[in-house]
Each structure stands twice: as C-alpha cells, then as structure tokens.
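With UniProt numbering applied, the sequence shown has no gaps in its numbers, which climb one by one up to 421 at the end.
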Amino acid sequence: MLTEWIFIRSQSTIKGGSKAKAHHPFIWLILYIPFGALGGFVSVALTFLATKKGLSITEGSLIVASQLLVSWLKWLWAPLVDVSLNPKKWYLFATSFSGFGVFAMASIPLGRDTLWLLLVIIAASNVVNSIVGMSVEAMISYLTPKHEIGRVSAWLQTGNLGGTGLGGALGLFLLQNLPQAWMSGAIMGGFFLLCCLALLPLEHVPPHVTNQGAIESIKTVASGFWQMVKAPAGVLASLLCILPIATGSAQATLTQAAVAAYWSAGEADVELVQGVLAGFFNSIGCFVGGWVCLRMNAHKAYVLFGIVMAFIALAMAQSPNTVSMYVFWNILYSWIVGMSYSAFTAMALTVIDKGAAATAYNVFASLSNFPLWWLGLLLGWVADEKGAKVMLMTESALGLVGVAIFIFVERKLSALFFNSY
C-alpha cells in the first residue's frame, strides 16, 4: 500500500535536531498546556454554561465555532513565526496575551445580549493563542530526532488535551464558585505565565529564514511547503485532514447542559467527565496512540482510530440514556480522541521538515480544523432539532463515509505515485 511506502521512505527523509541536547518530552507537555487550556475554558466551561444562561444548543455551538474558525484560518499568519523573531520570543508574547484573553472572556457576562461581543473576544484570543502552539511546534520540529517522533507526539498532545481538560474543569469550577467571574480568568492567566518557565532549559531555535526581506522570506517558506505537500505523504496527510475522520467533534456538543441532560447528567457530572476524566483519558489515549505510531504507519493509525471513534459514537447513541452510560461512553470517546490527536501529530511530523515547521504543521492543523468547525456546527443543529441520539449517529456515519473516501482515493492514487517515484 502507498502508506507503507511513505512510512519507509520517511525514515530517511525526516530531519531533526540530531545535534541538539536531548530533553525529556515532558517539557513539551508543559509548554503546550496554555494552548489546550484556553481551548478547554471555551469548549467546556463557557459551552456548558451557555444553555444554562438561556442560549440554545445552536447558539452554544457558536462559542466553539468561533474558536475553530480561527484554528481553521491560522495558516494565514503561521509564516510569521517562521520568518521573524524566534519561537521562544513568540511563545512569551503569545502566552502572555492568551492569559489576558482568558481574563477578558471570564469578565464578559454570558447571555444573548453579550454573545457577539464574547464571540469576538474568543476569536481574538484564539488568534494569539494559536501562536503559542505554532512556537512550540517549531521548536519541536527543530529539536526532535526522527526516532523520538512517536514519543514526542504523545507528550505534546497530552499537554494539548490534558490542558483542555484542565482548563475546562478548573475554569468551570472557578466560574461557579468564586464571587466574581473575572477572578477565574485572572487565576487561569497566571497559570499560563508559569508555563513559560519550561523554556529555560531549551536551546535557541532561530527563525527559519534570515537575512531576507519580508516578501522574500514568505516566498521561501511557501516554496518549501509546496514541495513538501505535493509529495505522496503530503497529499495523503492533506486528504486525511479535510475529511471528517477522527474529529472528536461530538465532545463539545456533549458538554452542553441541554445535551448532557438527555442522560440526566448535571453540572457536577459534566465537570467531572468533560474536565477531569476527559483530560486523564485523553492523556492515556495520547500515549497509547504514540506507542501505536512507533509500530505502524501514522496515516493508517489515524484511519483506524477514526473507525473506532465512529463505532464508539454509534454505541453511545444506542445505549440507555443514564448518567452511568454518559460517563462510560465519554471516557471511551476521550480515550480515542487522545489516540487520534497523537496520530495526527505523528503524521504531520513525519511529513514536515524542521525548516518552516510552524507554517507546515499549522497548514495541516488548519486543514484538520475545517471539518471540526463545520461538523461542530452541524452536530449542534442536529442536537437542537433531532436530539442527542441522532447527533451521535450523524457523527458516526460521516466518520465512516470519510474513511471510505480516503481508502478509495488512496487506492486510486497508489499506482500514480509508484510510477512517479
């Protein structure tokens, strides 16, 4: 199969920081937490409170959609991280302003009258927060040797998804228990700044392009990316990103109070499941996914995990609507989401070079966020109109259709690629 050939070929083409000092990948977990935690504050804490504050499920889905819209478009500004300053400086800047962003979000009363103002603040905060992720990804690509890709992918996505769980659980708890909502944002922002200490042991990573003007630098980055993405591995990775495979989109919809109520799950249940337990089992899934990607092609692993996710969603839809079933299936769903995210990172790092890493990684991330964006909106509408059960069946069906399309296209392209290389 084409994916097997790509896997073998990639072992000799991936570049990493072979001369760099070895660091335990736990450091990437710490650095990535602000990226995940701001997302968790939005997708868990604010999303759960949306329907409790009088918003519909569809309106609540706009909260996550405003975040994902930025994630979809972030490839537009990713080259800035590659051609200016350096990843450490970008990280300090972006993490500081992400802390201010979560403070601003917490300070806005949630309701229909303030929804559009909140959506603008969420979008602006996520523009800055996306640079947190870009700077970490640029450092990882430059400093990581090829044999560490699976391990580093696991730790990175543990910081992402574990941070999402932490930001969601802690954010919801603080919003519900502190006398003023802005205090929760201040505490979260301070926590973000502490993560900057993990930069101290890392070596300097220079910008990818130096001694060129702005336009020339962007052209150099774009040319390098085009050479990468038109290769077989780049084509297949791009295809997997745009299909609704292993998206985990139902997780945000399941967080909304009106949807959780279908299983009689209340505030404490959602806080526990979508915050603490989701973060924990996401993390376990990341390590299992990283382990799998050390032993099989990351493209195939991603497809396999997408199939498992589709069947988990289908099984949840057919199960009794009790709190225990809500907890059980959400745990399994969180586990497979972690595995899928780890496989995505391994797939992207397999394809990209250490040069222009922020641009390359975030083009793939942007492509993968497109189905998350439209599918999240669709699932919110389906849950509003048809109920939670049909919503889960919709995600499952679209995921399996995506897998079928990928397998069909891969087989059609295999002969072409083999004849070309």
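Even for Gly, the Cβ is constructed at its ideal location relative to N, Cα and C.
Beta-carbon separation (whole angstroms), residue i vs residue j, contact threshold 8 Å
i: residue 60; j: residue 256; result: 5 Å
i: residue 127; j: residue 34; result: That pair is no contact at about 14 Å.
i: residue 373; j: residue 90; result: Going by Cβ atoms, the distance from residue 373 to residue 90 rounds to 24 Å, so no, they are not a contact pair.
i: residue 342; j: residue 153; result: 5 Å
i: residue 159; j: residue 30; result: 7 Å
i: residue 23; j: residue 156; result: The pair is not a contact, with the Cβ atoms about 13 Å apart (cut-off 8 Å).
i: residue 384; j: residue 58; result: 5 Å
Cα-Cα separation between residue i and residue j, rounded to whole angstroms
i: residue 411; j: residue 293; result: 22 Å
i: residue 331; j: residue 340; result: 14 Å
i: residue 167; j: residue 408; result: 39 Å
i: residue 329; j: residue 51; result: 22 Å
i: residue 183; j: residue 174; result: 8 Å
i: residue 193; j: residue 94; result: 10 Å
i: residue 242; j: residue 179; result: 43 Å
i: residue 214; j: residue 196; result: Only weak support exists for where residue 214 lies, its pLDDT of 46 falling under 50; the coordinates are left without a value.
i: residue 141; j: residue 322; result: 44 Å
i: residue 404; j: residue 283; result: 28 Å
i: residue 401; j: residue 177; result: 44 Å
i: residue 264; j: residue 92; result: 43 Å
i: residue 379; j: residue 204; result: 43 Å
i: residue 413; j: residue 271; result: 45 Å
i: residue 107; j: residue 151; result: 38 Å
i: residue 99; j: residue 186; result: 8 Å
i: residue 406; j: residue 67; result: 27 Å
i: residue 262; j: residue 239; result: 35 Å
i: residue 370; j: residue 63; result: 16 Å
i: residue 388; j: residue 120; result: 28 Å
i: residue 206; j: residue 86; result: 5 Å
i: residue 49; j: residue 77; result: 31 Å
i: residue 46; j: residue 288; result: 30 Å
i: residue 25; j: residue 198; result: 11 Å
i: residue 82; j: residue 258; result: 43 Å
i: residue 382; j: residue 235; result: 32 Å
i: residue 69; j: residue 137; result: 20 Å
Endpoints, alpha helix (DSSP H) assigned at residue i
i: residue 95; result: 87-107
i: residue 387; result: Looking at the DSSP string, residue 387 is not in any alpha helix (DSSP H), and its letter there is neither H nor E.
i: residue 191; result: 181-194
i: residue 35; result: 26-40
i: residue 274; result: Taken as a continuous stretch (DSSP letters only), residue 274 belongs to no alpha helix (DSSP H), as it is neither H nor E.
i: residue 44; result: Run containing residue 44: none; DSSP gives neither H nor E here.
i: residue 245; result: Premise fails: residue 245 is in no alpha helix (DSSP H) and is neither H nor E.
i: residue 256; result: Here residue 256 belongs to no alpha helix (DSSP H), and DSSP marks it neither H nor E.
i: residue 322; result: First-last for residue 322: undefined, no H or E at that position.
i: residue 205; result: Where residue 205 is concerned, there is no enclosing alpha helix (DSSP H), given that its DSSP letter is neither H nor E.
i: residue 158; result: 149-177
Check whether residue i and residue j have beta carbons under 8 Å apart
i: residue 395; j: residue 301; result: no
i: residue 134; j: residue 118; result: no
i: residue 305; j: residue 252; result: no
i: residue 28; j: residue 362; result: no
i: residue 393; j: residue 317; result: yes
i: residue 285; j: residue 351; result: no
i: residue 326; j: residue 312; result: no
i: residue 244; j: residue 399; result: yes
i: residue 41; j: residue 165; result: no
i: residue 171; j: residue 188; result: yes
i: residue 129; j: residue 101; result: yes
i: residue 237; j: residue 299; result: yes
Cβ-heavy atom distance, residue i to the ligand HEM, below 7 Å
i: residue 236; result: The ligand HEM is not part of this structure, which contains no ligands at all.
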